[in-house]
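Peer 1: As they're listed, the protein sequences go chains X and Y.
Mapped onto the working numbering, the consecutive letters of the first sequence carry residue numbers 1 to 372.
Mapped onto the working numbering, the consecutive letters of the second sequence carry residue numbers 1001 to 1372.
Protein chains: 2
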Amino acid sequence: MKRRYNVAVVGATGAVGTEMLRVLAERRFPVNRLRVLASARSAGRRVPFNGATHAVEELRGRSFDGIDLALFSAGATRSLEFAPEAVRRGAVVVDNSSAFRMAPNVPLIVPEVNPEALSGHRGLIANPNCSTIIMLVPLAPLHRAAALRRIVVATYQSVSGAGAKAMWQLLNETKKALRHYEARGSGLGAQGKSPKGFSMKQLLARPIAHSPQPRVLPAQIAFNVIPQVDVFLDNRSTREELKMVNETRKILGEPRLPVSATCVRVPVFVSHSEAVWIETERPLSRARAAALLRRAPGVKLIDDPGRGAYPLPIQAAGQDDVLVGRLRRDESVAHGLALWISGDNLRKGAATNAVQIAELLTGIRYRTRFGI
Amino acid sequence: MKRRYNVAVVGATGAVGTEMLRVLAERRFPVNRLRVLASARSAGRRVPFNGATHAVEELRGRSFDGIDLALFSAGATRSLEFAPEAVRRGAVVVDNSSAFRMAPNVPLIVPEVNPEALSGHRGLIANPNCSTIIMLVPLAPLHRAAALRRIVVATYQSVSGAGAKAMWQLLNETKKALRHYEARGSGLGAQGKSPKGFSMKQLLARPIAHSPQPRVLPAQIAFNVIPQVDVFLDNRSTREELKMVNETRKILGEPRLPVSATCVRVPVFVSHSEAVWIETERPLSRARAAALLRRAPGVKLIDDPGRGAYPLPIQAAGQDDVLVGRLRRDESVAHGLALWISGDNLRKGAATNAVQIAELLTGIRYRTRFGI
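1. I'd like to confirm the pairing. Which residues does DSSP put opposite L1071 (chain Y) in its beta bridges?
2. When you compare each of Y:A1015, Y:A1074, Y:P1111 to Q1356 (chain Y) by their alpha carbons, which one comes out closest?
3. According to DSSP, what are the bridge partners of V1299 (chain Y)?
4. If you measure from the beta carbon of G197 (chain X) to each beta carbon in chain Y, is any gap under 8 Å?
5. Report the residue from X:K300, X:V324, X:T248, X:A296 whose alpha carbon sits nearest the alpha carbon of E274 (chain X).
6. Does any residue of chain Y bring its CB to less than 8 Å from the CB of Q5 (chain X)?
7. Helix, strand or coil: which one does DSSP assign to N172 (chain X)?
8. Per DSSP, what kind of secondary structure is G306 (chain X) in: helix, strand or coil?
9. Kindly list, in the order they appear in chain X, the residues whose Cβ is closer than 7 Å to that of F1100 (chain Y).
10. Give me the subset of the region 259-276 of chain X whose CB atoms are less than 8 Å from a CB atom of chain Y, sorted by chain position.
11. Pull up the DSSP beta-bridge partners for Y1181 (chain Y), would you.
12. Give the secondary structure of L1108 (chain Y) by DSSP, where H, G and I count as helix, E and B as strand, and everything else as coil.
13. When DSSP labels each residue in this structure, what does E19 (chain X) get in the three-state scheme?
14. What first and last residue would you give for the alpha helix (DSSP H) that runs through E116 (chain X)?
15. When DSSP builds the beta bridges, which residues end up paired with V31 (chain X)?
16. Applying the criterion that 16 or more other CB atoms from any shown protein chain within 10 Å of the CB defines a buried residue, is A1166 (chain Y) buried or exposed?
17. Taking 8 Å as the cut-off, decide whether the C-beta atoms of I151 (chain X) and T248 (chain X) are in contact.
18. For A1074 (chain Y) and A222 (chain X), what's the separation of their Cα atoms in angstroms?
19. Are the beta-carbon atoms of V1047 (chain Y) and L1071 (chain Y) separated by less than 8 Å?
20. Once DSSP output is grouped into helix, strand and coil, what is the label at R39 (chain X)?
21. For E331 (chain X), which option in Y:E1240, Y:S1260, Y:P1297, Y:F1029 has the closest C-alpha, if you only look at C-alpha atoms?
22. Starting from A1052 (chain Y), trace the beta strand (DSSP E) in both directions and tell me its first and last residue.
23. Between V56 (chain X) and chain Y, is any beta-carbon pair separated by less than 8 Å?
24. Output yes if chain Y places a C-beta closer than 8 Å to the C-beta of R295 (chain X); else output no.
25. Under 8 Å Cβ-Cβ, which residues of chain Y neighbour T174 (chain X)?
26. At what residues does the alpha helix (DSSP H) containing T352 (chain X) begin and finish?
27. Terminal residues of the continuous beta strand (DSSP E) containing I1341 (chain Y)?
28. Candidates X:P218, X:A76, X:D303, X:S342: which alpha carbon is nearest V153 (chain X)'s?
29. On the DSSP bridge list, what partners appear for P48 (chain X)?
30. Give a yes or no on whether the minimum CB-CB distance between I1314 (chain Y) and chain X is below 8 Å.
31. Is the beta carbon of A351 (chain X) less than 8 Å from the beta carbon of V93 (chain X)?
32. I believe G163 (chain X) touches V216 (chain X) by the beta-carbon criterion, under 8 Å. Please report the beta-carbon distance rounded to the nearest angstrom.
33. Expressed to the nearest angstrom, what Euclidean distance is found between the alpha-carbon atoms of L171 (chain X) and T1174 (chain Y)?
34. Leaving out five residues on either side along the sequence, give the residues of the same chain with a beta carbon under 6 Å from the beta carbon of T18 (chain X).
35. Within a Cβ cutoff of 8 Å, which residues of the same chain sit near G1044 (chain Y), ignoring the five residues on either side of it in sequence?
36. Could you work out which residue in Y:L1301, Y:L1142, Y:G1014 is closest to Q1315 (chain Y) when comparing CA atoms only?
Have a look at this one:
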């Protein structure tokens, strides 16, 4: 009989935790006993898994007794406190927080990219930042073929990357903005026509009144974009931008690879998109890059722009593949390519990647086409 | 007595035309007689100007008899047909379409950047592409100081760049999406909490049903981003991306400057934002770049990110200044800087720039601080 595992999901009521439960079930991970853990505030709620519901228990050290595998997605503070405790009690931890990602003894894994780095783990494996995972799934095969020399990336990140509350912020602000516009532009008029003297522009551009509810994101996100993801550091970059630099270097095993990122939040619920420019050491034609991406594990090349075929975040949402398109020569530099990526930040950017790591750990075959 | 001018605005009912009328009035352009022109469809409508309303007349060749200055914003086809006709009848034309921008004898002007290129014009002056104007207002002083060697830019462009109908598309799709979500998630529940078993994510990520109304933009824009602005060309770039390359080179007088652009539509009503990376020939420290931008005409430096001070499109809307922030060293390359820009695409990106050109032509002093 195949072995089954006692699994704990920490942060089971959050945006990523919810997705972890869904992905474990979808991929038929061999769960023996499931323990769903969260803060005391959520204890007693029931969450669905595989057709049944499970009561959420309060996260404590002893929650991990008898647990084989713990998937953490409850923020860095909780991970710092409880992940080592879980390891001490015999669990293997896959941690989705940033707490341990850059620790030298902690493997930071994207299964399509560096599965070999799992060997010799000490019970704790880190799941990379969502924007980094989504970027590296398609860049890794190009790196193997032609050696990346520099990466420049501008992100278009969905609000779900900041958790379920940020999704509610977008929803509530959008409702409020629409009410506001309609109150002022009473009888907005026939479709496509604004009534005489009515300035749609002035109306719609105006920031909406500040919500009485606390904001999760640092500014209005409805009908706006915010060039800040996570907090600012001394060097005027955000922590998200630093993660994309440092985690990329660690995962690719290229500790000095030049990477520059500008991370921006956009009013999209799910899926991060990225405009990426790469330079390679060796020449890499567009055609060869396309051929590499067409057979790269975890990648779906959607690149017939003249027919409107390019990745969209609403299309990537719910998929495990990272969608890649708009692949073209960057004529502004030697050995340059530009591409456009959309990937589900809750799935491949978080939950799916974590479950894939668990599958690697347990030696389970997956349905994806890893090159290992 | 100061001279006053007979002015025609072509495309007066469109998103940019409406703004042209507003900007002419705001800046007290010395209008003697105003003629507002549009297609036959709009003839007879009345549009506001300076406290009165003016009847829209159908655009014809003879519309330009007696006109001193014609501001065109009715698309390239109309400009190709009527702008030379207007010049023949004695008007000076400032054309906001792409029709003549790259013609060798047509000056392409951003008044803060290359006012000297106006001299020797032959009656037709082109107003550049909105994304290009917004990018070059802050980049020009950096170019003068340290010589640009390469520009990489990812845009976050508002729907108003595609005209008023695209603004209605965003509004209508957003309403429809909200109705859709609420119908399915009946009792979405208390703020910040989703009811048990209700997957906000699956609901919100789903593309909304195709609208029976014709789409202006090539895909759903509500809660989505679209990596296509304008049409695709043979080299897999869009025409918008090509405009940013070619117009930048012409305006800066650097015919071979390496420029790479990825242009993306975002669900914002007004103001384009841009993540920009530059490399310069000569070293340019962040501090010196900030000092240059602080006194650059048409630029407002908003750059105290730790206190949440950075440009936002909702903040740029309605302003003539281009907002610049997130200025920082790009450590991934020699002599690299990264910055973030937001500017009102209907004002500085179109109407204000056109009226500023008219002011240059007529020798009027403006209230902005041009370095000329």
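The beta-carbon is built from N, C-alpha and C at its ideal position, and this holds for glycine as well.
Peer 2: On the basis of the data shown:
1. Y:V1009, Y:V1094
2. Y:P1111
3. Y:V1322
4. Confidence in G197 (chain X) is poor, its pLDDT being 40 and thus under 50, which makes the residue's placement unreliable; the coordinate value appears in the next sentence. Yes, contact with chain Y.
5. X:V324
6. A small fix is needed here, since residue 5 (chain X) is Tyr in this sequence, not Gln. Cβ-Cβ to chain Y under 8 Å: no for Y5 (chain X).
7. helix
8. helix
9. By Cβ distance, chain X contributes nothing, its closest Cβ being about 25 Å from F1100 (chain Y), past 7 Å.
10. V259, S260, T262, V264, V266, P267, V268, F269, V270, S271, S273, A275
11. Answer by DSSP bridge pairing: none, since Y1181 (chain Y) is not bridged.
12. strand
13. helix
14. That residue, E116 (chain X), is in no alpha helix (DSSP H); it is neither H nor E in DSSP.
15. X:Y5
16. buried
17. yes
18. 30 Å
19. no
20. At residue 39 (chain X) the sequence reads Ser, which differs from the Arg that was named. Reduced to three states, the DSSP call for S39 (chain X) is coil.
21. Y:S1260
22. 1052-1058
23. no
24. no
25. T1174, L1178
26. 352-362
27. 1336-1343
28. X:S342
29. X:T53
30. yes
31. no
32. 7 Å
33. 10 Å
34. none
35. A1055, V1056
36. Y:L1301
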